[in-house]
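A.B. asks: Numbering (my numbering), first residue to last: 1103 to 1750. One structure, pasted below without further comment.
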Ligand code: WT7
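Laid out in structure tokens, this is it:
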């Protein structure tokens, strides 16, 4: 973010104190919790962990051999038991757990007892396919209840799930399956998106051809005959056929607190995505508490997190957190502008949604569409709003507050990452005075700081790198099959501290203002992509000699993808080729990675040691004066490029 923009943010003077209703009856309305947790974090987390249902309580709260953490050692617990059986034993058994709407308009309501039954049955089906404790199961589905059911079925028997976003390409799916050596893949015949069918099964088939570890593929029938899905004898099984014969009870596996719960792939600074490893008890505790306290989930709430389960937000704020709290939630399959741009607001009105959670990029899209769409619906059921995934700008915050919340709903701007498990810098509606576009302050028990290049704490008012100085239960434990990368990425830059990869400033009140990534990770519509990933996809094309990719400020997406490519000698630089290269990236990675802008460069600016200087490309793309070019091998390269860029 540019310095001027940061200054504007810090001058943001508006404040919004907690409304009386939250002050009085918010799930967290005692500010003393923060102090207590700070003095005795282990005692704090242990006290909270007693609210979960344990088969055996822990012997020791924490073993911390930086950067290796173990929480609740000796404890035995099962996640699906906590999210389902616990509620099914009470009057919640008949409560709606999931109110699902398909994009074409059909509805399904599943009570806690219904989800429990389906989870038990699918857990048995997985066992029958030979899945055992510790085995990996890959899930590649759209937003259908079966995805959530399959995730709980995995954790019920101690299998590790790895969800791959349904918008990823066959190749991305294959890489993730292979990295995890998954035994089973659960997919669908297709999914609906903006009125068209997403060919999930076709992509899955293509992926599995290069994935020798996959023994069985389970296929959810969502689309039917239009899908064109072909079943492979002996390998592929219809979900509904497996379920028809599955017994209704499956004993929940008593898992060790530190047993792996899931892995989820996310982009780092290199081309290869990393499998972030979360474990059982710590993650469950973190997401239970975060949903209870940040989103203030109450018995009669209707919660809607409009994220995809393929990202960590959907794991934490759909599959695990709300269900650990016994909440009712809405789940939607499709696009927010299908059939019209009021789809989400129509659904808020129809189901009486009380808590709504989305991303800044979505809010900026709604702003662009215009206020008439939310205004056409009665949104008075809403009492609380959430924002996640990227820095929200004050204008979007105010728009959300006025046009969706009608001035009555506090906004929880939650900062966190796939790695952190749940929001770590976040307001709480009963205690936090909000400032538009600040994620405010750390979660109880979390010690966050802003440090300089040397790792020295920067006094209030200053900016630097965001770090976390203490372990927390829901933190990632490692990178799957790559412990060195875990140490290197998160714990090496500042020894003894977790390096988040984000820049941040703190104001005089100690509020945090997140300023975006400081590494080669881009945040495109709240989705993480590395510049290297996109570069690799580009150079994979036969016409491309070299590529350099940068994130460029984008009005709606937060960041857009801007690529500079040099071509193999003799290849002509045509507009058609630009389109082909953009499409090539989308095919290789997924539509989210399609470059917004692509420029030809005769040569890319490099240092004398051959490193591409992305900083200069960023200056060119942002239309700024070029920074220091003295380390370049050939300074004329960048000058030529700038000229050419400005001509286009
Ligand atoms: C990166 C993590 C956390 C779930 C979705 C993204 C950025 C996330 C905020 C926020 C400013 C934010 C950071 C972070 N980010 N939330 N409220 N304000 N930035 O998870 O894909 O792991 O990405 O998203 O840059 O490092 P993710």
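The beta-carbon is built from N, C-alpha and C at its ideal position, and this holds for glycine as well.
Residues in its own chain within less than 7 Å of residue 1700 by CB, not counting five upstream and five downstream?
C.D. replies: Once the five neighbours on either side are set aside, the close Cβ partners of residue 1700 are 1665, 1667, 1680, 1683 and 1684.
A.B. asks: Under a criterion of Cβ closer than 7 Å to any non-hydrogen atom of the ligand WT7, which residues qualify, in chain order?
C.D. replies: Selection output, chain order preserved: 1368, 1413, 1414, 1415, 1489, 1490, 1491, 1492, 1493, 1494, 1515, 1516, 1517, 1518, 1519, 1520, 1521, 1541, 1602, 1603, 1604, 1616, 1618, 1619, 1625, 1628, 1629 and 1630.
A.B. asks: Could you check which residue in 1463, 1508, 1459 and 1640 has the C-alpha nearest to that of residue 1432?
C.D. replies: Comparing Cα-Cα distances from residue 1432 to each of 1463, 1508, 1459 and 1640, the minimum goes to 1459.
A.B. asks: Would you grab the beta carbon distance between residue 1257 and residue 1286 for me? Rounded to a whole angstrom, and I think it's under 8 Å.
C.D. replies: About 14 Å separates the two Cβ atoms, so there is no contact after all.
A.B. asks: If you count every other CB in all the chains shown that lies within 10 Å of the CB of residue 1508, and 16 or more means buried, which is it?
C.D. replies: It is exposed - the Cβ of residue 1508 has fewer than 16 other Cβ atoms within 10 Å.
A.B. asks: Measuring straight from C-alpha to C-alpha, what distance separates residue 1182 and residue 1453?
C.D. replies: Taking the straight line joining both Cα atoms gives about 26 Å.
A.B. asks: Mind checking residue 1411: buried by the 16 CB within 10 Å criterion, or exposed?
C.D. replies: Burial call: buried.
A.B. asks: When you compare the CB positions of residue 1523 and residue 1599, do they come within less than 8 Å of one another, or not?
C.D. replies: No, the pair does not count as a contact, with Cβ atoms beyond the cut-off.
A.B. asks: Residue 1247 by DSSP, collapsed to three states: which one?
C.D. replies: Note: residue 1247 maps to helix in three-state DSSP.
A.B. asks: For residue 1239 and residue 1264, what's the separation of their Cα atoms in angstroms?
C.D. replies: If you take the alpha carbons of residue 1239 and residue 1264, they lie about 6 Å apart.
A.B. asks: Nearest CA to the CA of residue 1143: which residue from 1634, 1748 and 1573?
C.D. replies: It is 1573.
A.B. asks: Have a look at the DSSP bridge pairing and note the partners of residue 1570.
C.D. replies: In the DSSP output, where bridge partners are listed per residue, residue 1570 has 1550 and 1600.
A.B. asks: Nearest to residue 1436 by alpha carbon, out of 1324, 1612, 1498 and 1369?
C.D. replies: It is 1324.
A.B. asks: How would you call residue 1342, buried or exposed, if buried means at least 16 neighbouring beta carbons within 10 angstroms?
C.D. replies: Classification of residue 1342: exposed, given that the 10 Å Cβ count is below 16.
A.B. asks: Among residues of its own chain, excluding the 5 on either side of residue 1160, which ones have a beta-carbon nearer than 7 Å to its beta-carbon?
C.D. replies: Answer for residue 1160: 1174, 1175, 1176, 1177 and 1359, listed in chain order.
A.B. asks: Of the residues 1326, 1511, 1547 and 1661, which one's Cα is nearest the Cα of residue 1527?
C.D. replies: Measuring from the Cα of residue 1527, the nearest candidate turns out to be 1547.
A.B. asks: Does residue 1395 pass the burial test, meaning 16 or more other C-beta atoms within 10 Å, or should it be called exposed?
C.D. replies: So residue 1395 ends up on the buried side.
A.B. asks: Taking just the CA atoms, how far does residue 1651 sit from residue 1678?
C.D. replies: One C-alpha to the other measures close to 20 Å.
A.B. asks: Excluding the 5 residues flanking residue 1188 on each side, which residues of the same chain have their C-beta closer than 8 Å to its C-beta?
C.D. replies: Same-chain partners within the cutoff: 1155 and 1428.
A.B. asks: Would you mind stating whether residue 1563 and residue 1552 have Cβ atoms separated by less than 8 Å?
C.D. replies: Not a contact, by the Cβ cut-off of 8 Å.
A.B. asks: Quick one: measure Cβ to Cβ for residue 1461 and residue 1423, integer angstroms, because I've assumed they're closer than 8 Å.
C.D. replies: Their Cβ separation, rounded to whole angstroms, is 17 Å, which puts residue 1461 and residue 1423 out of contact at 8 Å.
A.B. asks: Assign residue 1635 to one of two classes, buried (16 or more other C-beta atoms within 10 Å of its C-beta) or exposed (fewer than that).
C.D. replies: Counting Cβ neighbours within 10 Å, residue 1635 comes out buried, since at least 16 surround it.
A.B. asks: Could you give the uninterrupted runs of the beta strand (DSSP E) lying entirely in the segment 1426-1471, keeping only those of 3 residues or more?
C.D. replies: Correct list: 1430-1434 and 1457-1460.
A.B. asks: How many angstroms separate the CA atom of residue 1196 from the CA atom of residue 1186?
C.D. replies: Their backbone Cα atoms lie some 12 Å apart in a straight line.
A.B. asks: My guess is that residue 1493 and residue 1302 are in contact by the Cβ rule of under 8 Å, so how many angstroms apart are they, rounded?
C.D. replies: With a Cβ gap of about 33 Å, residue 1493 and residue 1302 do not count as contacting.
A.B. asks: So, helix, strand or coil for residue 1664, using DSSP?
C.D. replies: Strand, per DSSP.
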